[in-house]
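Report on the structure given below.
Chains as they are written, first to last, in the numbering used here: chain A, 97 to 565; chain B, 97 to 565.
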């Protein structure tokens, strides 16, 4: 009923919220608070602060691979920005990792039809040595096919997995594809292979390969692992249609130096709560990136959105009741090192993390709010849902959501969580490639999404709802 | 009138043509000939021969830079394919050129914010020497702005032109952008600059730079010339917003060896005319490509279409009256060397070139036939236009068209010409980049376009219309 009459009244999302405050359903926020929510929505929909932050980060810092100069600079950048944006507290928490060196890559088909191949080392891969290695390809369409190969059947071969990731709005093609990237090397090695190349885990047709983390099993020989671009994978498949014997050359000089310990840091900033300063509404993103592109999408967008959201709230006449904590995690890409460290440092105050949400996916607009909160607090969240419904955001029917990426660890430790699902149709065109640059940021969607996080953080911090119950 | 009743009758393009033969407007072709035209349309719309040829060329040969192994292989490839496809005569005509070596490229911003930059040498550029060169950027938004700079005002600077090409269906943004690529180096050198980088002449946002030919003025010092990718150009503009002093490093090891003469060849194949074998309907494309990508779009599509069109016609019960000559030009990319040589060899038989059309643009479907023929033959061409109108092809109102690329030289020497204009919206996303690969070929549009060239060649060869009058 209400929804129908509301829909009829909508002239704009902002107008709709203004109207909501005159209805009596608003049990959680009072009239002043609804006005603040409306103001925050207006402000963030009209502000390009999050875009400016992403531009600043990607122009002045660039990529932020753990242990790189950019990684170090980004910590200073984030601390300075948070201070200038009016955060009440800003600090860093040390995170330690290892520095993996990408080195150089060279890949080509030697026969039957010589071609250069666009390839990239997977994060964590060992190298081939300076001379590279030459071997015939053993082609598998899927990781499962590779798993089914007999032991020793691939001795001296380079495994090639040609599985192509599917494009979906929620990015769910990633799960079916990423196994080959993460686990393929050790499985291939168990069968005797000397290296592995896989079709990039990406939905684009660009001559750019997608990097990403891979893992070696402890008890299996390590072999070099790389991805190749989608057009190059097509070309290999076309060669394999013509010949059973495709000779391939791969050189990677990537390596990890076990003696070198890299220091990086989580950067944390707070808008301190006026009534319950020890109750934390956490919003997060990761500050590190791969060393290809400038990490504009992954996860510059998250960094810009979270900082802008907190800033907008800091400009209200008074601080919300609870503390809003922006956590910019270190070393997400190489294995959630910052998140693990955060859990270690803050394990005793997990019960003070009232609710949290991260941003580490998508370039398009948020279309669904997925909840993972105490059942009793769902009705209060439904009030919040009414505020963002006119912006085109639905609510999930299930209540099992975890926060994205780093904050999944906090969710798993019991933190009530929201996953704001954006249109991720294009995300895996750019993900972990040289194409992850500022121009891929959708400025309009960014405003929409920043508004939603701003409103969410304010609602959660001001309402006093206990999302744990 | 006719058009209205025809439109009502259309179920499919093929059906429409079948219908046409029952109308009496068909003054040029008789009933049997219209049936052959219909059959050719059906055959080519249902055949993937042109796609198979492009797959074969790009897989088995790869890129075809003048003087490269691929260039040599492509000549053998084309001769063999023409023979196996049933051409009556196949031969090559020698073309001589110089071999420009791309060498390596390295580009980066040194300060204020260090970044690597994706760059590519322009075809014909000299190198910087192995040590590269370091200089501050002098930024111009357009070539015109550079032209207005005072002499000696750019001493020791690297010129950066940031003009961005516009996207249009007919690719007309190219003309406004390409001047900086072709002429920018010598104009910059005249003002004292030590090198020039320009934003890629391309409509994409990929981290891939677009190469292409450039020219030095004879009396001006030669300086190195490169393009950078669109996202990198954006990044430079953002640095220049923050600082007047952007220090840039450029290394190119490209060079031309004036002592080495490269031999390549035009490849020519004919379906010999049954009545007027010395009257030539010429359809063409260029066989060479740049050394980035595999030249699938530029101009593998043209190669595949022309060879397939002639093959389809060769399968008719009898040869058309006139000869259909497929000309695969050499060395188009480096300055129409093959076309110039063709003009030299065939200058005395230009009046026997009854009509011609090339394909060297676009990946989308043909939407317009542009004529440049004798006025008296326009009515006959209008009959042909009725056959392709149901396929969505309009006719230009003007009669001043030249053939594309190489064949423009033949047009300028008096050959009646057709320019079939395709949807070129996406063409300059791929043009002269690593992204020019098989996956960019639109298989559906390719069938549509192959059908139109097949029908055109048959119509022109069989009708006996003198397009010169």
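Note that CB positions come from ideal geometry on N, CA and C, so glycine has one too.
Since the model is a prediction, treat every value here as computed from it, not as a measurement.
- For residue 379/A against residue 420/A, the beta-carbon gap comes to about 7 Å, under 8 Å, which counts as contact.
- For residue 332/B, the enclosing alpha helix (DSSP H) starts and ends at 326-338.
- Distances from the CA of residue 235/B to each of 269/B, 289/B, 217/B, 565/B were compared; the closest alpha carbon is that of 289/B.
- At a cut-off of 9 Å, the C-beta of residue 156/A has a neighbouring C-beta in chain B.
- Here residue 192/B really is in contact with residue 357/B; their C-beta atoms are around 6 Å apart, less than 8 Å.
- 529, 530, 531, 532, 533, 534, 535, 536: these are the residues of the region 516-543 of chain B whose beta carbon lies less than 9 Å from some beta carbon of chain A, given in chain order.
- In the same chain as residue 362/A, and ignoring 5 residues on each side of it, the C-beta atoms closer than 7 Å to its own belong to 188, 189, 191, 423, 424, 425, 426, 434, 437, 438, in chain order.
- At the C-beta level, residue 556/A and residue 515/A stay beyond 9 Å of one another.
- Straight across, the Cα-Cα distance linking residue 560/A with residue 126/A is about 12 Å.
- Contact residues of the region 297-319 of chain B toward chain A are 301, 302, 303, 304 (C-beta to C-beta distance below 8 Å).
- Here residue 270/B is not near residue 238/B, since their CB atoms are 9 Å or more apart.
- Closest in alpha carbon position to residue 451/B, among 474/B, 480/B, 376/B, is 376/B.
- Rounded to whole angstroms, residue 494/B and residue 267/A show a C-alpha spacing of 49 Å.
- The beta carbon of residue 400/A is closer than 6 Å to those of 146, 149, 150 in its chain, skipping five residues each way along the sequence.
- By the neighbour-count criterion, in which 16 or more other beta carbons inside 10 Å mark a residue as buried, residue 509/B falls on the exposed side.
- Counting along the chain, the unbroken alpha helix (DSSP H) around residue 398/A starts and ends at 397-410.
- Put simply, of 219/B, 250/B, 391/B the residue whose alpha carbon is nearest the alpha carbon of residue 381/B is 391/B.
- Straight through space, the alpha carbons of residue 431/A and residue 501/A are spaced by roughly 10 Å.
- Inside the region 284-323 of chain B, DSSP marks whole beta strand (DSSP E) runs of 3 or more residues at positions 291-295, from first to last along the chain.
- Linking residue 241/A to residue 279/B through their CA atoms gives a straight-line distance of about 54 Å.
- Sorting 182/A, 338/A, 164/A, 511/A by C-alpha distance to the C-alpha of residue 207/A places 338/A at the top.
- In the DSSP assignment, residue 548/A falls within the alpha helix (DSSP H) that extends over 539-559.
- With distances taken between CA atoms, residue 334/B lies nearest to 210/B out of 483/B, 138/B, 210/B.
- For the pair residue 285/A and residue 317/A, the Cα-to-Cα distance works out to about 6 Å.
- Pairing residue 163/B with residue 143/A, the inter-Cα distance amounts to about 55 Å.
- Annotated three-state conformation of residue 178/A is helix, per DSSP.
- Residue 480/B sits in a helix when the DSSP states are folded into three classes.
- Between the region 250-265 of chain B and the region 297-310 of chain B there are three or more inter-stretch CB-CB distances shorter than 8 Å, so the stretches are counted as touching.
- In summary, the residues of the region 335-347 of chain B whose CB is separated from some CB of chain A by less than 8 Å are 335, 338, in the order they occur in the chain.
- Buried is the label assigned to residue 215/A, since at least 16 other Cβ atoms lie within 10 Å of its Cβ.
- In the three-state scheme derived from DSSP, where H, G and I count as helix and E and B as strand, residue 126/B is classed as coil.
- In summary, the residues of the region 206-240 of chain A whose CB is separated from some CB of chain B by less than 9 Å are 208, 209, 210, 211, 212, 214, in the order they occur in the chain.
- CA-to-CA, the gap between residue 396/B and residue 386/B works out to about 11 Å.
- From the listed residues 304/B, 518/B, 373/B, the smallest Cα separation to residue 212/B is found for 304/B.
- DSSP places residue 219/B in the strand class (E or B) of the three-state scheme.
- For the set 492/B, 281/B, 350/B, the Cα lying nearest the Cα of residue 314/B is the one of 281/B.
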